[in-house]
Structures are given as structure tokens and as C-alpha cells.
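Enquirer: Just so you know, we're using the working numbering here: the first sequence kicks off at 4 and counts up by one.
Sending over a structure as C-alpha cells; questions will come in a sec.
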Amino acid sequence: MRQSELFTKTRRTAPKDEVSKNGRLLIQAGYINKEMAGVYDYLPLGLRVLKKIENIIREEMNKLGGQEIFMTTLQDPTLWKKSGRWDDKVVTDWFKTRNDEFGLSNTHEEPLTNLLKNHILSYKDLPVYVYQFQTKLRYELRAKSGLMRGREFIMKDLYSFSRTPEELDRFHDKCRKAYLNVFKRAGIGNKTYLTYASGGSFTKYSYEFQTLSEAGEDIIYLDKTKKIAINKEVYDEESVQTLKLNREKLIRERSIEVGNIFKLGTRFSDALGLKYVDKSGIERPVIMGSYGIGLGRLMGAIVEVLSDDKGIIWPVSVAPFKVHLVELKKGLARGLYEKLTKAGVETLYDDRDLTPGEKFNDADLIGIPWRLVVSEKTKNKVEVKRRNAKKVELISHDELIQQFS
RNA sequence: CGGGGUGUAGUAUAAUGGCAGUACGCGGGCUUCGGGAGUCUGUAGCGGGAGUUCGAUUCUCCCCACCCCGACCA
Numbered sequence: 004m005r006q007s008e009l010f011t012k013t014r015r016t017a018p019k020d021e022v023s024k025n026g027r028l029l030i031q032a033g034y035i036n037k038e039m040a041g042v043y044d045y046l047p048l049g050l051r052v053l054k055k056i057e058n059i060i061r062e063e064m065n066k067l068g069g070q071e072i073f074m075t076t077l078q079d080p081t082l083w084k085k086s087g088r089w090d091d092k093v094v095t096d097w098f099k100t101r102n103d104e105f106g107l108s109n110t111h112e113e114p115l116t117n118l119l120k121n122h123i124l125s126y127k128d129l130p131v132y133v134y135q136f137q138t139k140l141r142y143e144l145r146a147k148s149g150l151m152r153g154r155e156f157i158m159k160d161l162y163s164f165s166r167t168p169e170e171l172d173r174f175h176d177k178c179r180k181a182y183l184n185v186f187k188r189a190g191i192g193n194k195t196y197l198t199y200a201s202g203g204s205f206t207k208y209s210y211e212f213q214t215l216s217e218a219g220e221d222i223i224y225l226d227k228t229k230k231i232a233i234n235k236e237v238y239d240e241e242s243v244q245t246l247k248l249n250r251e252k253l254i255r256e257r258s259i260e261v262g263n264i265f266k267l268g269t270r271f272s273d274a275l276g277l278k279y280v281d282k283s284g285i286e287r288p289v290i291m292g293s294y295g296i297g298l299g300r301l302m303g304a305i306v307e308v309l310s311d312d313k314g315i316i317w318p319v320s321v322a323p324f325k326v327h328l329v330e331l332k333k334g335l336a337r338g339l340y341e342k343l344t345k346a347g348v349e350t351l352y353d354d355r356d357l358t359p360g361e362k363f364n365d366a367d368l369i370g371i372p373w374r375l376v377v378s379e380k381t382k383n384k385v386e387v388k389r390r391n392a393k394k395v396e397l398i399s400h401d402e403l404i405q406q407f408s
């Protein structure tokens, strides 16, 4: 894409109403726009990143046998009354329409469980894994930390429907691995740890995926060797013993919860009457699990972890473009841009008529992994530089195309 | 939701009970061009309401918005 045609502009200064690094950098570089506290628009660059993250997750969920759907934002209160979660005292962060006529997608256990009553009748219909990328609306009393705690956010939520606790366990286990894979592919694998947290009513513990960062809201106790952590909320002698960890080796860290997986058991299938008939003809409740990743929070977490004082440093896997082609003289890189495009290399071509300093600063701020500079100095070669590296390399067009396509 | 703070141009900021200034941006001119260039010029602003006052962007009150700490977060 030609940068001269990109409608967003970078800002020279960070916004005064954002403190978090991800909020400041993403707004300053033109990835997102703040509508209100905790409510953000995704602009062209931001949407590209969001879609890349979404695709990584989609691939991993599909590998697990997940089937993608898209549910509604408006929800039927009747279903929520059945589970006892319509009451504002039970779910405190509801958005409801006037006169409580509809609920606005706080989460989707109730409608999905209800929906599956038409499709799951026999043990032959199970197991089933259903997921979606859908907007969640939650009235956070205090939205904060840029993209990391919003009132409106896109979540990948997958729900598993199994016959037995063992079957649930097996899927839960596979999903845990898939999640670790998502975070690895998103570039924060080396900082993200499986964490034991409070499990709710069905199980003692649930799993969270916590990314080490000072910007996080959570405190975990981490065993770096075993790559297991315990959330502060369940950290006690019992949990340490259960997980066979050594208290001495645990280090206290601040972290961002980038995902979680829960065993729900029959909490919702009982409430809404989702049952199946087993081999011997006995009717049993379906056993459920839920598995969430907030896309915006993940995007924010990546920026928190991968950035420096000049801007963002995207991993290639989620970067809006693979290369940032910067020409220091008008039109000088046009031919190379066409070659790169033809070779299928995602390129942001800075064809704007600005000074070198402005272009370099923008490139650092936007944070595309590879910077290619074409100027009179480079003659018929290209200067290649990794965003987080100092050294540059001068290579020919052919070598470049070969390396990047 | 409790406590605290802040609202001035597109952005970031300054000052003031009496003509609201600076920088960047944006438009135009000339000179520049490897780390946010120089110069001339133009453009654009006091969150909303009520009160005090001869006069309020400034003081008081209410509302709204945003930020921070806490609480909350299947």
C-alpha cells in the first residue's frame, strides 16, 4: 500500500488521555482511535494487525476441530433468567437495552447452549467444538490500559460440548497446547505462562495464560523452569503442593491475562436443558468448557512487550505489513514497490514527500519488522534493516525479492 | 461504585477577573532533503449549564467527559 494514500496520520505527540504504552503508541501511530474510555476503533493499520491475530487463532482453533460461527449481539433475557445470570447483582457489568428488553452480548454461554439443543440429541452428535470472534460488551466501571481493558472488545470464545469429564479433559488439554501455540505465534511465547487460577464451581483450578509485563493487572508466582505459574488469587500452601512446586523457586511477577480456559461442567447444560442420550439410552447433561482470548488485549499485550522508546516492534506474524519501503527521494522506489507487490510481499510504501527524519521516525513508530530504504546513496541497491536492529545491509533487488517472497 | 485529579485550536501546551499566546499540524510562497529542516505568510481554540461580577476561559455550584488509586472483573 502506498502510504501517501493511507488516510491515517501519525502524531508527533502521544495523546494526553492515555497512560498505557499500548494505548499511546497505537493511537500515535494511527492504528486505533479512541471513541470513549475503553472503546476503540480499528483503523486500516490496526485492522490488519487484528485480522492477522484473528487468523492465527482461527487456524489453531480449526486444528482442534473447532467450527466457526457468528452469534448475535442482541440476546434473549429469557435464556439468562434460566441460568440465573440476568440479574444485575449476579452479572454486574451488563449492558441492556431500554426496559431490559434485550441483553447486549456480555458472553455467549446461554444462547449457544440453547442453540445446540436443536442439534445435539445423541452421544453420536458429540463432541462438538464451536467458536466465534464476536464483540463483547461489558460495562467496566473503570476501563483502562488502552486496548487491554475495554467496554467493547472482540473475543474469540470457543465452547466445548463433551459426553464425559474425561472427554472434556482431553480437549481441555489439547486446547491448552493450542493456546500456547497461539501466543508463541503471536510473538509473546517466551513471556507467556500457563497459570493456575480460581476455577469457579466445577473445578478447583482453571488455566490462565499470563504474559509477563509491568503493564499487567495480575500478580503471579512463577516457576520459570517448569513454566508454570500460580495466580495470586489462589496462591497458598495447598496450591503450591498440588502443583508440586517449590515455594523457594517461585518468583512474583506482574502479568497480563491474555487468555483463559475453563471447565464449565454442566452449569449451563443443566440450566438450559442441553442433554444427550447415551449408548444405553440414558439421558445425560452435556459437559461443557469455555475458552477465551481477547483479541484487543492480545494486541495491546504484544505492544506492551514488544516496543521501545521510538515505537512498536511488531513480530512478522502480526505486523500490518512485512516490509516498510522508504524512499528518500520522490518516486525513487516505485519500481521496487511494484516488484515487491508482484512477488506477494506485503509492503507499505512510503512515497510521501517528507524529510528523511520524518520518514524514519514514522517507520520506527509504526514498527513494521523490516525497513527498506532507497535513496541516491543506495544506488541500485536497497538498504535493509530490521526494526529492532541497528545494523543495516545493502543488497540488490533480486536478493531482496528472493529473501522476502 | 468510593476517593483524587484534569478539561484552552487537529495535536501537545502557556498565561490571564478586562484584545487568549507558543510549538507542531494544516493552506500558500521560496530555499532545503540520510533521523521530526529554514524562512515569509495564512488558518484554527477556552467541554455544557447556572451563579457572582460592570465584565468570567479564569472564581463558585451543578452536569458531562477523560485520567489516576481502590473496589469489581463468567
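Glycine included, every Cβ here is placed at the ideal spot set by N, Cα and C.
Source: prediction; values computed, not measured.
1. Applying the criterion that 16 or more other CB atoms from any shown protein chain within 10 Å of the CB defines a buried residue, is N25 buried or exposed?
2. So which of R300, K159, E211, I191 has the shortest CA-CA distance to Q63?
3. Please state whether DSSP places I259 in a helix, a strand or coil.
4. Would you kindly check if the distance between the Cβ of Q70 and the Cβ of Y142 is under 8 angstroms?
5. Closest by CA to V42, which one among N364, R300, H400, I404?
6. For T362, I'd like the list of residues in its chain whose CB is within less than 8 angstroms of its CB, leaving aside the five on either flank, ordered along the chain.
7. Would you give the residue range spanned by the beta strand (DSSP E) that S293 belongs to?
8. Going by the C-beta, is W97 closer than 7 angstroms to any heavy atom of the ligand ZN?
9. For E251 versus G149, is the C-beta spacing smaller than 8 angstroms?
10. Whose CA, out of E256, F265, V237, K382, lies closest to the CA of I411?
11. So, using beta-carbon positions, are I371 and R390 closer together than 8 angstroms?
12. What are the uninterrupted segments assigned as beta strand (DSSP E) that are 3 or more residues long and contained completely in the segment 316–397, given in chain order?
13. Comparing alpha-carbon positions, which option in K382, V376, H400, I404 lies nearest K394?
14. Below 7 angstroms CB to CB, which residues in the same chain sit around E286 once its five sequence neighbours on both sides are set aside?
15. In the DSSP assignment, the beta strand (DSSP E) including D226 goes from what residue to what residue?
16. Check whether the Cβ atoms of I72 and I296 lie closer than 8 angstroms to each other.
17. Tell me whether the segment 164–181 and the segment 117–133 touch, counting them as touching only if at least three CB pairs, one residue from each stretch, are closer than 8 angstroms.
18. I'd like the span of the beta strand (DSSP E) that includes K278, first residue to last.
19. Quick check: the Cα distance between F271 and T116, rounded to an integer number of angstroms?
20. Drop a sphere of 10 angstroms on the beta-carbon of G262, count the other beta-carbons inside from all chains shown, and report buried for 16 or more, exposed for fewer.
21. Could you tell me whether the Cβ atoms of F212 and L197 are closer together than 8 angstroms?
22. Check whether the Cβ atoms of L368 and V387 sit closer than 8 angstroms, and answer yes or no.
23. Does DSSP put G26 in a helix, a strand or coil?
24. Just verifying my parser: in three-state terms, what is the DSSP assignment at R1?
25. Closer than 7 angstroms by C-beta to V306: which residues in its own chain qualify, once you throw out the five before and the five after it? Chain order, please.
26. On a Cα-Cα basis, can you pick out the residue from W373, L357, A304, R145 that is closest to Q6?
27. Closest by CA to K313, which one among V326, Y45, L253, A366?
28. Can you list, in chain order, the residues of its chain with a C-beta nearer than 6 angstroms to that of E217? Leave out the 5 residues immediately preceding and following it.
29. Is the distance from the Cβ of E260 to the Cβ of D221 below 8 angstroms?
30. Out of K187, R374, G338, L397, which has the shortest C-alpha to C-alpha gap to T381?
31. Do you know how far the Cα of D96 is from the Cα of L107?
32. Report yes if the CB atom of L137 is closer than 8 angstroms to the CB atom of P114, and no otherwise.
33. Assign R51 to one of three DSSP states: helix, strand, or coil.
34. Grab the span of the beta strand (DSSP E) containing E251 for me, first residue to last.
35. With H, G and I counted as helix, E and B as strand and the rest as coil, what does DSSP make of D128?
36. Are there 16 or more other CB atoms within 10 angstroms of the CB of R188, so buried, or fewer, so exposed?
Expert: In short, the structure shows the following:
1. Buried is the call here.
2. Gln is not the amino acid found at residue 63; the sequence shown has Glu there. Of the candidates R300, K159, E211, I191, the one whose C-alpha sits nearest the C-alpha of E63 is K159.
3. When secondary structure is reduced to three states using DSSP, I259 falls in the strand class.
4. The answer is no: Cβ separation not under 8 angstroms.
5. Closest by alpha carbon: R300.
6. The amino acid at residue 362 is misidentified as Thr; the sequence shows Lys. Cβ neighbours of K362 beyond the five flanking positions: V329, L331, D353, R355.
7. Taken as a continuous stretch (DSSP letters only), the beta strand (DSSP E) holding S293 covers 290–297.
8. Annotation note on the ligand ZN: not contained in the displayed structure, which lists no ligands.
9. No, they are not a contact pair.
10. A question about residue 411 goes unanswered here, because the residues of the chain that appear run from 4 up to 408.
11. In this structure, R390 lies closer than 8 angstroms to I371 by Cβ.
12. Segments of the beta strand (DSSP E) lying fully in the segment 316–397: 326–330, 350–353, 373–377, 384–389.
13. Comparing C-alpha distances from K394 to each of K382, V376, H400, I404 shows the shortest one belongs to V376.
14. Result list for E286: K278, V280, in chain order.
15. DSSP places D226 inside the beta strand (DSSP E), whose first and last residues are 221–226.
16. Their beta carbons are not under 8 angstroms apart, which means I72 does not touch I296 by this criterion.
17. By the Cβ rule, the segment 164–181 counts as touching the segment 117–133, because three or more pairs are nearer than 8 angstroms.
18. Note, K278: beta strand (DSSP E), 278–280.
19. Cα to Cα, the separation comes out at about 7 angstroms.
20. A residue is called buried when at least 16 other Cβ atoms come within 10 angstroms of its Cβ; G262 meets this threshold and is buried.
21. The answer is yes: Cβ separation under 8 angstroms.
22. Taking 8 angstroms as the cut-off, the Cβ atoms of L368 and V387 do not count as close.
23. DSSP places G26 in helix when its eight states are reduced to three.
24. There is no way to answer for residue 1, as the model of the chain reaches only from 4 to 408.
25. Non-local beta-carbon contacts of V306 in its own chain, meaning distances under 7 angstroms to residues more than five positions away in sequence, involve K24, N25, L28, L29, I315 in chain order.
26. Of all alpha-carbon atoms in W373, L357, A304, R145, the one lying nearest the alpha-carbon of Q6 is that of L357.
27. From the listed residues V326, Y45, L253, A366, the smallest Cα separation to K313 is found for A366.
28. Apart from sequence neighbours up to five positions away, the residues of its chain that approach E217 with a beta-carbon distance below 6 angstroms are R257, ordered along the chain.
29. Pairing E260 with D221 gives a Cβ-Cβ distance under 8 angstroms.
30. Ranked by how close their Cα comes to the Cα of T381, the residues K187, R374, G338, L397 have L397 in first place.
31. Roughly 11 angstroms between the two C-alpha positions.
32. Per the sequence shown, the amino acid found at residue 137 is Gln instead of Leu. It is not a contact, given that the beta carbons lie outside the stated cut-off.
33. Reduced to three states, the DSSP call for R51 is helix.
34. First-last for E251: undefined, no H or E at that position.
35. Assigned with DSSP and collapsed to three states, D128 falls in helix.
36. Buried, since its Cβ has 16 or more Cβ neighbours within 10 Å.
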